[in-house]
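First comes the structure, then the notes that go with it.
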Amino acid sequence: MAKGKAKVKGCWSCGAEIRPDTQFCYSCGKPLAGPIESVITENAIAETDTSTEVNESLVDLERALGAQFPPEGDPKAKLTAAAAQRRTARRGTRKQTEVVWEPVDDGANRLYFLIVLLIFVVASVLVYFTVFSK
């Protein structure tokens, strides 16, 4: 194992048994690296500088988006915004369809009946010849 990692037989968070050379717990998903002595380096100082930049950018983002969202302390504003959003989701243009009933053609039914009768007669003749003519 690499220096700085503690050999762990179980997860320090949930206590589950783990395999050797495993980096994360299979049960809870937390990293298995034990506590490492913290040494302040130039990278750590640089990380604190970037964290202040991140905080400043988050503040700018909150200001920019603040107008779109109601303040957290006003529950009525949240409810009215949610109701307005539901109403806009329900609105929509529906296409109206017109159903027209037309009279049925009797000619099509007669043709269907004649074709079925013809097939029945042909099948009956075939059965007769196969069974009775040897």
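For the sequence shown, the positions run 964 to 1097 when our numbering is used.
From the three backbone atoms N, C-alpha and C, an ideal C-beta is built for every residue, glycine too.
CA-CA distance, Tyr1075 to Leu1081, rounds to 10 Å. Here the C-alpha atom of Val1085 lies approximately 35 Å from the C-alpha atom of Glu1065.
Annotation: the continuous alpha helix (DSSP H) that includes Ser1087 extends over 1069–1095. Taking all protein chains shown into account, Cys991 has fewer than 16 neighbouring C-beta atoms within 10 Å of its C-beta and is therefore exposed.
In summary, Cys977 is exposed, with fewer than 16 beta-carbon neighbours lying within 10 Å of its beta-carbon over all protein chains present. The beta-carbon separation of Ala979 and Cys988, rounded to 6 Å, stays under the 8 Å limit for a contact. Taking C-alpha positions only, Ala1044 is separated from Glu1016 by approximately 33 Å.
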